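Let me begin by presenting the structure, written as structure tokens, before commenting on it.
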Amino acid sequence: MKKSVLALSVLAGLGMLSANALAADQGLENCIQAVKKEKAGELVKLEKLNVAGKGAYELELRDNNRQEWEYMCDADSGKLTEKEAEVAAPNSQAFKKNVKVTEEDAAAIALKANPGKIEEVEYEVEENGGSSYEFDIVNDKGLETKIEVDAASGKIIETATEEWEIGEEADEKR
């Protein structure tokens, strides 16, 4: 995939494809380049998020071994702020070795903090080896919020509101 194809797809998908729009989102281009420097593979999903009032991109990449990686990147600076490996199921050895909180309990914690319907769940292994559940919850107004719950402590690690998403992973849908 060429380096700017995803950026162009995002902008075209939003109906903003113009020279000005391309120049205006240098942060996205910087994020894409930073991810590509970290790991070779195919970008499979891109989300624009609001994390505590600050813009961020979440980029998901599938490497040549079919392993999925999730990168969080500051929308303004284009600098990577977080890297996580995704596993396909909660019974993965890398994920389950630190789990003390069931998926059902983690979902209840996430839904208590942000009522709605869980649309997706991801099983993530943090850079430090810790495990977390990431729930995409849609409320009755259609607003999607990501709630990440630590699988060892049950504490909410991160909350982000989704502004838009390009790409979809059917295996994560609920």
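Counting with mature numbering (1 follows the signal peptide of the UniProt record, and there is no 0), you get residues -23 to -1, 1 to 151 for the letters of the sequence shown.
Glycine included, each C-beta is placed from N, C-alpha and C at the ideal position.
None of these values were measured; they are calculated from a predicted model.
Note on S130: under 16 other CB atoms within 10 angstroms of its CB, so exposed under the neighbour-count rule.
Only residues of its own chain outside the window of five on either side were considered, and among them I124, I133, T136 have a CB closer than 8 Å to the CB of A90, listed in chain order. In this structure T122 is buried. Its beta-carbon is surrounded by 16 or more other beta-carbon atoms within 10 angstroms. Rounded to whole angstroms, the separation of the alpha carbons of I9 and Q3 is 10 Å. Setting aside the 5 residues that flank it on each side, A11 is surrounded in the same chain by Y48, C50, G55, K56, L57, each with a C-beta closer than 8 Å to its C-beta; the list follows chain order. Here D40 is exposed, its C-beta having fewer than 16 other C-beta atoms within 10 Å. Going by DSSP, D113 is part of the beta strand (DSSP E) stretching over 108 to 115.
Per DSSP, the continuous beta strand (DSSP E) segment holding N27 begins and ends at 19 to 28. The residue among E139, L20, K118 with its C-alpha nearest the C-alpha of R43 is L20.
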